[in-house]
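Here the protein sequences come in this chain order: X and G.
Note that this note's numbering has the first sequence beginning at 439, numbered continuously upward.
Note that this note's numbering has the second sequence beginning at 232, numbered continuously upward.
Idealized CB from N, CA, C, for every residue including glycine.
Please read all numbers here as calculations on a predicted model, not as lab measurements.
To start, the structure under review is shown below, and the notes come after it.
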Amino acid sequence: MPAEGDYIRIRHLSKSFGEVVALRDIDCAIEQGSFVSIVGPSGCGKSTLLRIVAGLLDYSEGQVLLDGQPIQGQRRDIGFVFQSSILLPWRSILENVLLPAEVLGLDMKKSRERAMELLHMVRLDGFENKLPRQLSGGMQQRASIARALLHDPKILLMDEPFGALDAMTREQMNIELQRIWRESGKTVILITHSIPEAIFLGDTVFVMTPRPGTIERMIRVDLPRPRTMQAMAKPEFGRIADEIRELFSHTGSFD
Amino acid sequence: MSTTLPVTGSMTHSTTPPAPSASTAAPTPSAIARPKARKRSRLGTKAASLLLLVVLLAGWELGVRLFHVPKFLIPSVSDIAVALWRGLATSPFAKDSLWYHSAITMAEILLGFFVGSAIGLAMGVLISQMPRLEAILEPYVSALQSLPKVAVAPIIVVWMGFGISSKVAIICLLTFFPVLVTSIAGFKAVDPDRIDLLRSLSATPWQIFRKAKFPSALPYIFAGLNMAAAFAVVGAIVGEFVGAQAGLGVLIQQMEAQMDTGGSFAVFIVLSVIGILMTWILRRIQQRVLHWMPQDPTQQQRTINV
Numbered sequence: 439m440p441a442e443g444d445y446i447r448i449r450h451l452s453k454s455f456g457e458v459v460a461l462r463d464i465d466c467a468i469e470q471g472s473f474v475s476i477v478g479p480s481g482c483g484k485s486t487l488l489r490i491v492a493g494l495l496d497y498s499e500g501q502v503l504l505d506g507q508p509i510q511g512q513r514r515d516i517g518f519v520f521q522s523s524i525l526l527p528w529r530s531i532l533e534n535v536l537l538p539a540e541v542l543g544l545d546m547k548k549s550r551e552r553a554m555e556l557l558h559m560v561r562l563d564g565f566e567n568k569l570p571r572q573l574s575g576g577m578q579q580r581a582s583i584a585r586a587l588l589h590d591p592k593i594l595l596m597d598e599p600f601g602a603l604d605a606m607t608r609e610q611m612n613i614e615l616q617r618i619w620r621e622s623g624k625t626v627i628l629i630t631h632s633i634p635e636a637i638f639l640g641d642t643v644f645v646m647t648p649r650p651g652t653i654e655r656m657i658r659v660d661l662p663r664p665r666t667m668q669a670m671a672k673p674e675f676g677r678i679a680d681e682i683r684e685l686f687s688h689t690g691s692f693d
Numbered sequence: 232m233s234t235t236l237p238v239t240g241s242m243t244h245s246t247t248p249p250a251p252s253a254s255t256a257a258p259t260p261s262a263i264a265r266p267k268a269r270k271r272s273r274l275g276t277k278a279a280s281l282l283l284l285v286v287l288l289a290g291w292e293l294g295v296r297l298f299h300v301p302k303f304l305i306p307s308v309s310d311i312a313v314a315l316w317r318g319l320a321t322s323p324f325a326k327d328s329l330w331y332h333s334a335i336t337m338a339e340i341l342l343g344f345f346v347g348s349a350i351g352l353a354m355g356v357l358i359s360q361m362p363r364l365e366a367i368l369e370p371y372v373s374a375l376q377s378l379p380k381v382a383v384a385p386i387i388v389v390w391m392g393f394g395i396s397s398k399v400a401i402i403c404l405l406t407f408f409p410v411l412v413t414s415i416a417g418f419k420a421v422d423p424d425r426i427d428l429l430r431s432l433s434a435t436p437w438q439i440f441r442k443a444k445f446p447s448a449l450p451y452i453f454a455g456l457n458m459a460a461a462f463a464v465v466g467a468i469v470g471e472f473v474g475a476q477a478g479l480g481v482l483i484q485q486m487e488a489q490m491d492t493g494g495s496f497a498v499f500i501v502l503s504v505i506g507i508l509m510t511w512i513l514r515r516i517q518q519r520v521l522h523w524m525p526q527d528p529t530q531q532q533r534t535i536n537v
């Protein structure tokens, strides 16, 4: 593992909830600007890991360093995208996207401009005054990505953001997310249940296995960018997918 | 006195309005289909219920006249109408007019409602922010809640006298609990993800409260306010029955003493109008504040009488 240039460094991280060990001895490094997918079955602790990096949960043992500084408590420089969009239903789309600016006390005039740019980037021009319930599930999730990027965080953490979407919308969102990531240059950690989604989006795929949650393997994905859905037909893609499935069946994660 | 609540609600203190959610689907095609036909059928329903009223009143009048029912038992519709007209025709400033008594009762209701529900809401906010405090107060709240509040009305009149203040205190007591209990339930029911969202932005507890918890709890709080509005009218009348110098409750007792049942019925009508007016105003405010909640035109409304 390279020591220099690591943006996020996790060392011997463990987390237990009472008796239950959720994470054991997590050790990994993430480069700035890279896209890391974490794939694993339910209960492997991947959400716990993400919440620890977000500062939403504290940890029992080990160290989590962000740019050399230990993560302690809540931070202003992360953007979090949840499983569902969690748009506040009483706010318009624009007001929802502006939420981070209000909470962090940013300049509202500049933030408003930035919000409009972000809404353009997630292809929601013209929807800024609509209420969340007037948008489809995919549009709501795109709005929540815009909200997560408003305060220009260095890291974007995504917790199964497309899990609730139908397969077609999901494919589209994967392509959109790749574009948004390339345009914004953020470091992204994406959690997913879907092996194809993890490979399609990730520079590296962390494969996690449960009981207790550990990172079983880190797999580099050397497919050229920007990737299209045709990349899924490449032999390299199939080889990695097989490797991941092999890991899960070995560790009994498919029972 | 009546208030309307969604069918899903109940008169217990644990009314749970449908939890608002951002992922609510767009209106279903059936809900927006053929608005013209819907409008026509609604007009038909209105005409039918008006017709029913006319039939009922006519039957009443006819029955009373045909069977020579004594006036002090059941007055005829025309007697009630005359009594109401006489009451309304008096000078609003005369000390014994229907207007004067109505104004006193209205003042009690409004004061009691605002003060009682404000205290209930404030306590709800405070308690929801401090789980420890809630655990300490919980047994007292449920004990007090199970006590029928009108039972203490006589004692409150003894303490505070026959003036307006004792009535306001009784109404406060009645309106306090529904608002307290629904607001606590509302703050508890906040989607934890909304709180995590704000925490992920390093929001302060006060910001989390203002931007997520309070707006999320508003549908619950309004359910409590609707109940409180109904209870407020009950409280005013009970308080005036127990002991008062003026108010519609006093007027009813005076009229009953003189066997003026027609007059009593006229007061009932005034009370109904006050109740309907309060419910209507509250609903308008609710619609404005909760404008973001999907309005389901098919949702049945039920009238609950206290």
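| Asked | Found |
| --- | --- |
| For a minimum of 3 consecutive residues, which ranges assigned as the beta strand (DSSP E) are wholly contained in the stretch 526–582 of chain X? | none |
| What did DSSP end up calling G:T321 once you bin it into helix, strand or coil? | coil |
| Taking Cβ-Cβ distances shorter than 9 Å, what residues in chain G pair up with X:F520? | D424, D427, L428 and S431 |
| Taking a cut of 9 Å between CB atoms, which residues from the stretch 442–463 of chain G lie near chain X? | K442, A443, P446, S447 and L449 |
| Note the first and the last residue of the continuous beta strand (DSSP E) segment covering X:C482. | Segment: none, X:C482 is in no beta strand (DSSP E) and carries neither H nor E. |
| With a CB to CB cut of under 7 Å and the five nearest residues on each side skipped, what residues in its chain are close to X:R608? | F600 |
| If you count every other CB in all the chains shown that lies within 10 Å of the CB of G:H541, and 16 or more means buried, which is it? | What the structure shows of chain G is the stretch from 232 to 537, and residue 541 of chain G is not part of that stretch, so it cannot be assessed. |
| With a threshold of 8 Å between beta-carbons, can X:L628 be considered close to chain A, or not? | The structure shown contains no chain A; the protein chains it does contain are X and G. |
| Under 8 Å, with one C-beta from each stretch per pair, do the stretch 647–658 of chain X and the stretch 479–486 of chain X reach the 3-pair mark? | yes |
| Taking just the CA atoms, how far does G:G506 sit from X:R580? | 46 Å |
| Which residues in chain G sit within 9 Å of X:Q512, going by Cβ to Cβ distance? | R430, S431, L432, S433 and A434 |
| Please report the Cβ distance between X:I387 and G:L428, rounded to the nearest whole angstrom; I am assuming they are in contact, meaning their Cβ atoms lie under 8 Å. | Limits of chain X in this structure are 439 at one end and 693 at the other, which puts residue 387 of chain X out of reach. |
| So G:L319 packs on G:L329, CB below 8 Å; how close in whole Å? | 6 Å |
| Looking only at its own chain, which residues have a Cβ that is under 8 Å from the Cβ of G:S309, when we skip the five neighbours before and after it? | E292 |
| Specify the secondary structure class of G:S307 as computed by DSSP and reduced to three states. | coil |
| So, does the CB of G:Q518 fall closer than 8 Å to a CB anywhere in chain X? | no |
| How should X:Q501 be labelled, buried or exposed, when 16 other C-beta atoms within 10 angstroms of its C-beta is the threshold for buried? | exposed |
| How about X:R550: is its C-beta nearer than 8 Å to some C-beta of chain G? | no |
| Assuming contact is defined by CB atoms lying nearer than 8 Å, are G:S433 and X:R529 in contact in what I supplied? | no |
| Of all the CB atoms in chain G, is at least one closer than 8 Å to the CB of X:V541? | yes |
| Quick check on X:L494 - is its C-beta less than 8 Å from some C-beta in chain G? | yes |
| Any beta carbon from chain G within less than 8 Å of X:L569's own beta carbon? | yes |
| If you draw a straight line from the alpha carbon of G:Q517 to that of X:P673, how long is it in whole angstroms? | 60 Å |
| Can you tell me which of G:F407, G:K398 and G:Q476 puts its alpha carbon nearest to the alpha carbon of G:D327? | G:Q476 |
| Which runs of the beta strand (DSSP E), 3 residues or longer, sit entirely within the stretch 577–615 of chain X? | 593–597 |
| Is any beta-carbon of chain X found at less than 8 Å from that of G:A262? | For G:A262, the predicted model reports a pLDDT of 46, less than 50, meaning its position is unreliable; a value from the coordinates is still stated below. Not closer than 8 Å to any Cβ of chain X, the Cβ of G:A262 fails to qualify, so no. |
| Just list the residues that DSSP pairs X:G651 with in beta bridges. | X:L461 |
| Express the C-alpha separation of X:I633 and X:D641 in angstroms, rounding to a whole number. | 14 Å |
| Excluding the 5 residues flanking X:A441 on each side, which residues of the same chain have their C-beta closer than 7 Å to its C-beta? | Residue confidence is low: X:A441 scores 45 on pLDDT, short of 50, so the model does not pin down where it sits. No coordinate-derived value is stated. |
| Under 8 Å, with one C-beta from each stretch per pair, do the stretch 466–473 of chain X and the stretch 616–626 of chain X reach the 3-pair mark? | yes |
| Does the CB of X:I531 have a neighbour CB from chain G at under 8 Å? | no |
| Using the beta-carbon of each residue, which ones in chain G are nearer than 7 Å to X:I516? | S431 |
| Less than 8 Å between the CB atoms is what I'm expecting for X:N612 and X:L639, so what's the real figure, rounded? | 6 Å |
| Between which two residues does the alpha helix (DSSP H) holding G:F393 run? | Element bounds for G:F393: n/a, residue is neither H nor E. |
| Say whether the stretch 463–481 of chain G touches the stretch 358–370 of chain G, bearing in mind that this needs 3 or more beta-carbon pairs closer than 8 Å, one atom from each stretch. | no |
| Where does the unbroken alpha helix (DSSP H) through G:S503 begin, and where does it stop? | T492 to V520 |
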